[in-house]
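Residue numbers (the numbering used here): 60 to 212.
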């Protein structure tokens with residue numbers, strides 16, 4: 060019984076630490092990203108996915124972002140309004156579209172990436188390279204486990 064309680068306490072502590080880290084990162088994002096006019100976090104994540112794919116359907120983007128297709132449409136609309144992405148007809152299916160980065164989106168992504176690296180370096184500077192690699196591996200296992208993400212299109 061006591062071991063079970065200790066495990067629950069450890070799980071709660073982990074959840075609190077991850078939540079605190081996420082809040083800190085969001086605060087820093089707003090303080091830095093908001094000041095220079097960069098895209099909000101959801102749009103930045105979407106732009107990152109679009110940059111790493113040779114055209115992505117909005118439904119696949121929703122799946123990768125773990126949001127509803129309707130929410131993904133809103134994110135793509137916002138990125139398109141900023142001139143960072145464009146919708147193009149999918150050559151393999153005329154009914155579908157692909158989201159691709161624009162030249163302006165590529166420039167914005169490069170700036171976003173530089174800023175993200177600088178903030179990550181500052182945030183994780185207390186860890187050795189081996190500790191960073193271990194943390195990444197552990198977090199990836201937790202994040203990538205099957206869960207309640209929307210089904211892929």
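Glycine included, every Cβ here is placed at the ideal spot set by N, Cα and C.
Please say whether residue 106 and residue 167 have beta carbons closer to each other than 8 Å? Going by C-beta atoms, residue 167 is nearer than 8 Å to residue 106.
Assigned exposure category for residue 76 - 16 Cβ within 10 Å defines buried: Result: exposed.
Can you find the residues in the same chain that come closer than 8 Å, C-beta to C-beta, to residue 237, ignoring five residues on each side of it along the sequence? As displayed, the chain neither begins before 60 nor continues past 212, which places residue 237 out of reach and without an answer.
Do residue 186 and residue 194 count as a contact pair if the criterion is CB distance below 8 Å? Between residue 194 and residue 186, the gap from beta carbon to beta carbon is short of 8 Å.
Beta-carbon proximity of residue 144 to residue 118, cut-off 8 Å: Going by C-beta atoms, residue 144 is not nearer than 8 Å to residue 118.
Less than 8 Å separating the beta-carbons of residue 98 and residue 138? A contact, by the Cβ cut-off of 8 Å.
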